[in-house]
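In full-length UniProt numbering, the protein residues as written are 1 to 581.
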């Protein structure tokens with residue numbers, strides 16, 4: 001608790017003008033180096049400013065004398081005692097120009113905040129999403145035009161590359177993963193739900209989940225039960241402003257009969273670790289017993305524990321009880337899901353997404369089938385064009401020559417599917433599992449996170465696809481340089497058809513990976529998947545830029561953009577972008 005004097009915290013220092021590119025860990029090291037023996041109690045770093053609490057007023061004053069005027073990366077720091085913060089659990093108010101408050105703003109419910117399209121018909125939701133896609137297309141077109149990218153045509157022509165949004169198979173209770181904040185509501189009461197208010201405006205409260213239809217009834221039952229458990233524990237939730245408290249978050253992952261709970265907490269001070277052990281024991285007794293299903297109407301398979309001080313801390317999960325993994329089945333493939341593993345949050349729509357990706361990859365027909373179709377069409381045209389007596393008879397030399405050509409055409413070097421940012425291998429395995437057995441294809445998955453690669457390998461073993469799926473831990477730009485050593489012996493990197501699937505994080509892909517895709521000259525088609533199309537614009541533009549010293553390799557061209565509704569009742573939509581060269 002900070003000491004207060006006339007609206008000033010005498011043991012808390014407000015530091016301004018911190019370089020915004022400095023992260024928490026670097027800022028903490030700077031403080032430790034600058035302050036020497038002075039020990040900090042709490043640090044709250046917010047981009048270009050920070051609040052640092054000390055053990056007493058004397059230490060705070062000494063810190064000010066050291067830090068005020070200190071230069072860091074050409075930024076001169078300003079340090080002074082911090083004004084006392086008063087947390088506001090009231091509804092936000094409108095402020096007039098003269099500073100007086102008007103009537104409180106209407107606080108949005110969780111239904112309005114999380115699912116803004118919930119009260120629209122599904123047909124109307126799709127119309128709204130299609131219009132949003134058109135607006136994003138216009139932004140993309142403007143960026144392509146401004147960067148002088150050729151062959152994009154006029155805006156109307158460019159818009160024709162946008163397809164109609166594909167519907168989701170299920171529009172309610174579809175979320176298989178939800179993160180619920182454990183905090184205080186507007187009345188200062190314990191609540192497990194979604195965050196409301198703005199942290200930047202000193203408003204941070206939690207709103208209950210009632211009315212949010214994308215969350216299953218089972219999840220809601222679990223949330224309500226955990227709410228009661230937290231209240232019974234007698235321990236307060238974590239307070240972002242005061243940097244004290246215990247409970248932070250409840251994460252639920254749900255796949256059919258499998259349910260995983262992840263409790264995220266703020267670590268207690270030394271000497272109080274026994275509190276955590278007591279709570280873990282109570283959680284196990286409450287949620288991992290045979291009577292849970294009959295009494296509470298839900299069954300828990302796995303419980304994990306996560307201790308987090310700062311959001312930038314390494315993610316470490318402790319298995320408290322139950323199974324280490326839960327499982328989901330997609331398109332006849334079974335996948336194990338660990339607490340940190342990425343998995344599409346809408347399983348039913350993910351099946352549609354992956355099938356569409358397969359179609360755009362061109363994996364729905366084998367080359368022999370395509371050749372056969374072409375031959376049949378040519379024979380039909382010849383029969384329609386002329387009478388039998390007018391047909392030309394081939395001599396022996398011509399027959400031999402044509403047989404050689406057919407033999408050369410039928411030589412099949414197969415297809416290599418390059419799954420970039422493959423995660424646990426869901427996309428590649430789902431695509432290969434559902435192909436005709438006559439199609440010659442292999443998958444090479446690349447992923448930076450070693451744990452995810454192990455999951456992918458185990459999944460390929462589970463799905464009996466070890467021989468056709470290979471997974472490599474590393475950066476894509478590094479793996480590309482040695483790609484020929486990773487290709488199975490029955491394929492040829494120069495002659496096989498190489499198709500890439502890139503499914504980056506929400507914020508987009510690092511420029512190095514984009515440059516590496518351009519420079520991999522055998523990569524003729526790239527399927528770019530984005531859950532945040534606006535954030536993907538820069539990546540797409542960079543893939544299409546004219547060749548230069550920085551952007552090597554032949555540029556890609558946008559052939560088609562296919563939106564898929566992965567998130568009904570929200571404004572979000574997934575884009576599948578087909579790029580060719």
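Ideal placement from N, C-alpha and C gives every residue a C-beta, glycine not left out.
This one's a predicted model, so the numbers in the text were calculated from it and none came from an experiment.
Taking the CB atoms as reference points, tell me whether residue i and residue j lie closer together than 8 Å.
i: residue 248; j: residue 308; result: yes
i: residue 326; j: residue 302; result: yes
i: residue 477; j: residue 453; result: no
i: residue 81; j: residue 12; result: yes
i: residue 215; j: residue 175; result: yes
i: residue 117; j: residue 482; result: no
i: residue 236; j: residue 229; result: no
i: residue 560; j: residue 163; result: yes
i: residue 211; j: residue 110; result: yes
i: residue 192; j: residue 207; result: no
i: residue 491; j: residue 427; result: no
i: residue 166; j: residue 546; result: no
i: residue 541; j: residue 160; result: no
i: residue 431; j: residue 354; result: yes
Leaving out five residues before and five after residue i in sequence, what residues of the same chain have Cβ atoms less than 8 Å from its Cβ?
i: residue 374; result: Confidence is the limiting factor: at residue 374 the pLDDT is only 35, short of 50, which leaves the residue's position unreliable, though a coordinate-based value still follows. Correct list: empty, nothing qualifies.
i: residue 17; result: 48, 49, 75, 76, 77 and 78
i: residue 527; result: 357, 360, 361, 499, 500, 501, 502, 576, 577, 578 and 579
i: residue 472; result: 444, 445, 446, 447, 453, 479 and 486
i: residue 83; result: 7, 8, 9 and 14
i: residue 30; result: 22 and 72
i: residue 128; result: 117, 120 and 571
i: residue 115; result: 212, 213, 214, 569 and 570
i: residue 573; result: 129, 132, 133, 165, 533, 563, 564, 565, 566 and 567
i: residue 25; result: 312
Going by DSSP, what residue range makes up the beta strand (DSSP E) through residue i?
i: residue 523; result: 523–530
i: residue 441; result: 441–447
i: residue 501; result: 497–502
i: residue 302; result: 302–307
i: residue 13; result: 8–16
i: residue 212; result: No beta strand (DSSP E) holds residue 212; DSSP gives it neither H nor E.
i: residue 79; result: 78–83
i: residue 559; result: 557–564
i: residue 206; result: 205–207
i: residue 263; result: 258–265
Rounded C-beta distance between residue i and residue j? I'm assuming under 8 Å.
i: residue 498; j: residue 518; result: In fact, because the Cβ distance is near 14 Å, the residues do not count as touching under 8 Å.
i: residue 463; j: residue 331; result: The pair is not a contact, with the Cβ atoms about 10 Å apart (cut-off 8 Å).
i: residue 342; j: residue 250; result: Not a contact, Cβ separation roughly 19 Å.
i: residue 349; j: residue 564; result: 7 Å
i: residue 55; j: residue 39; result: 6 Å
i: residue 581; j: residue 551; result: That belief does not hold up - the Cβ atoms of residue 581 and residue 551 are roughly 13 Å apart, past 8 Å.
i: residue 277; j: residue 168; result: Not confirmed; about 43 Å, so no contact.
Apart from the five residues on each side of it in sequence, which residues of its chain come closer than 6 Å, Cβ to Cβ, to residue i?
i: residue 90; result: Low confidence applies to residue 90: its pLDDT is 47, below 50, so where it sits in the model is not reliable enough to give any reading.
i: residue 125; result: 117
i: residue 567; result: none
i: residue 529; result: 503 and 576
i: residue 42; result: 53 and 243
i: residue 457; result: 471
i: residue 384; result: Any reading at residue 384 must be qualified, since the residue scores a pLDDT of 46, below 50, and its modelled position is unreliable; no value is offered.
i: residue 539; result: 508, 509 and 514
i: residue 149; result: 544
i: residue 474; result: none
By the DSSP assignment, the alpha helix (DSSP H) with residue i in it spans what residues?
i: residue 217; result: 217–233
i: residue 582; result: No answer is possible for residue 582: the residues shown for the chain start at 1 and end at 581.
i: residue 248; result: No alpha helix (DSSP H) holds residue 248; the beta strand (DSSP E) holding it covers 247–255.
i: residue 578; result: Per DSSP, residue 578 belongs to no alpha helix (DSSP H); it is in the beta strand (DSSP E), 574–580.
i: residue 429; result: 426–433
i: residue 535; result: 533–544
i: residue 114; result: 110–114
Might you give, ordered along the chain, the residues of its own chain that have their beta carbon closer than 7 Å to the beta carbon of residue i, omitting 5 neighbours on each side?
i: residue 494; result: 522
i: residue 627; result: There is simply no residue 627 to check, as the chain begins at 1 and stops at 581 in what is shown.
i: residue 136; result: 533 and 534
i: residue 267; result: 307 and 309
i: residue 221; result: 296, 297 and 298
i: residue 293; result: 299
i: residue 20; result: 47 and 48
i: residue 322; result: 288, 300, 301, 302 and 303
Determine whether the Cβ of residue i lies closer than 8 Å to any Cβ atom of chain C.
i: residue 307; result: Absent here is chain C; the protein component of the structure consists of one chain.
Entirely within the stretch 137–191 and at least 4 residues each: give me those alpha helix (DSSP H) ranges in chain order.
-> Every alpha helix (DSSP H) stretch that sits fully inside the stretch 137–191 and reaches 4 residues is listed by chain position as 155–159.
With a floor of 4 residues, list each alpha helix (DSSP H) that falls wholly inside the stretch 18–65, ordered by position along the chain.
-> Listed in chain order, the complete alpha helix (DSSP H) runs (minimum 4 residues) inside the stretch 18–65 are 24–35.
Residue ranges of each beta strand (DSSP E) within the stretch 295–351, 3 or longer = Those beta strand (DSSP E) runs which fall completely within the stretch 295–351 and span 3+ residues are 302–307, 318–322, 326–330 and 333–337.
Jot down the residue ranges of each uninterrupted beta strand (DSSP E) in the stretch 455–484, minimum 3 residues, whole runs only, in chain order.
-> With a minimum length of 3 residues, the continuous beta strand (DSSP E) runs that stay inside the stretch 455–484 are 469–473.
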